[in-house]
Structure formats: structure tokens, C-alpha cells
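**Student:** Mind looking over this structure? Questions follow.
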Amino acid sequence: MKNKSIRQNLILVIQINLFYFFYESFYAHKINSVTLFADSIDFLEDIFINLLIYLSIKSKKSKTFILPFVLSFFMLIPAILSLQTIWQQLLFKQAPDAFALTYVSIGALIANFICALILSNYREKDSNLIFVAFLSAKNDVIANTSMIVAGLITIFHPSIWPDIIVGIIICIINVSSVMKILKFSKRQ
Numbered sequence: 012m013k014n015k016s017i018r019q020n021l022i023l024v025i026q027i028n029l030f031y032f033f034y035e036s037f038y039a040h041k042i043n044s045v046t047l048f049a050d051s052i053d054f055l056e057d058i059f060i061n062l063l064i065y066l067s068i069k070s071k072k073s074k075t076f077i078l079p080f081v082l083s084f085f086m087l088i089p090a091i092l093s094l095q096t097i098w099q100q101l102l103f104k105q106a107p108d109a110f111a112l113t114y115v116s117i118g119a120l121i122a123n124f125i126c127a128l129i130l131s132n133y134r135e136k137d138s139n140l141i142f143v144a145f146l147s148a149k150n151d152v153i154a155n156t157s158m159i160v161a162g163l164i165t166i167f168h169p170s171i172w173p174d175i176i177v178g179i180i181i182c183i184i185n186v187s188s189v190m191k192i193l194k195f196s197k198r199q
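With the first letter of the sequence shown counted as 1, position 2 gets the number 13 in this note's numbering; the numbers rise by one all the way through.
This is the structure:
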């Protein structure tokens, strides 16, 4: 029964992330935003993480020790792709639509907060895999708050720099999370 509840909540988290991945990807392309692109890829990474956790719950415990390392790899993908989009932003020097950046970031914050809240019920008592998913959602909330600030700054001071700086922050958050996950996995 406990695993069924966890699996149902993971499916809900996957659905929320899938919806917002498409929504944020659309706006990232539409307004040419580094941070929205990086965060949309991050939603995709969250889908993979939660799907792998969902599948691991059904498998034997001995097979799941490698999953945190696989999940850590998925968490590095947004950081690498963010660096590439930062480079493009530096080349084209076009600030994103600040209002759209702010509104879409508020929606992402709400989506990630809901996911973190759902996963927080399991983060300490069930497994290091749930901890990975919770940590990812929690870090997304931090990143989304930074995105909102970047949007608000860009409203009053149109520039590419708030978008680029937050893109770099998202990269740092993802790399930091990978380090925490690997440390946590070694202790398990």
C-alpha cells in the first residue's frame, strides 16, 4: 500500500512536470530566454528522475544502488545545455520579454512548489531515490524565485544580463545537487 501511494504521487509529479515542460519550452522559444530554456530542460530532467524512481520501486533493492548515479547524470544535462544557450544570448544580445519571463516563472514556481510538497512526504523515510527527487524539486523552487527576480529587474532595466546571470545560477544549483546526491548515495 505504501509503495502504491508513492507511485501514485510520482505519476502526479511526472504529469505536472510534463505539462510545464511543454508550456515553458514554448515561451522560452517565443521570447528567447536563456533561463526559461534552462528551466524547461530542467522539467524534462525531473520527468526522467521521477520516472526512474517510479520504475525502481518495482525492482529489487539491490538493483537500485546505481540509480542515484544515473540520476545525477540527468541532472547535469540542464547545466550543460544552459551554458550553450548562455553563449547564444551573448552572441545575439537580445533581452527576453520581461513580463512573459516573470509570469511564466511564477507558474514554474507554483508547479515546482507543488511537486516539492508532494515529495516532501517521502524524503526522509523511504529512500535515497525519493531524496533525489525532493532535492531536485526544492532546487527548482530556488531557481524559479531567481527567474522571477530576473524578470522583474528586466522590466525596469532591459538587459540580457539578468537572464544570463540566472542561467548561470541554475547551472550552479544543478552541479551542487549532483554533488549532494553522490555524497548521500555513498552513505547509503
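Yeah, the Cβ is synthetic: ideal placement off N, Cα and C, and Gly gets one too.
1. Report the rounded CA-to-CA distance for Y38 versus L87, giving the unit in angstroms.
2. Going by the C-beta, is G178 closer than 7 Å to any heavy atom of the ligand NAD?
3. By a C-beta neighbour count over all protein chains shown, 10 Å radius and 16 as the cutoff for buried, is N185 buried or exposed?
4. Distance check for L146 and I17, CA to CA, integer angstroms please.
5. Looking only at its chain, what residues have a beta carbon closer than 8 Å to the beta carbon of D174, apart from the 5 residues adjacent to it on each side?
6. Mark K41 as exposed unless 16 or more other C-beta atoms lie within 10 angstroms of its C-beta, in which case mark it buried.
7. May I have the straight-line CA-CA distance separating S93 from S188, to the nearest angstrom?
8. Which residues in the same chain as I180 place their Cβ atom closer than 6 Å to its Cβ, once the five residues preceding and following it in sequence are excluded?
9. Check whether the Cβ atoms of L55 and F32 sit closer than 8 Å, and answer yes or no.
**Tutor:** If we stick to the structure as given:
1. 23 Å
2. Annotation note on the ligand NAD: not contained in the displayed structure, which lists no ligands.
3. buried
4. 16 Å
5. S44, V45, T46, Q100, A106, P107, L112, A161, T165
6. exposed
7. 16 Å
8. S157
9. yes
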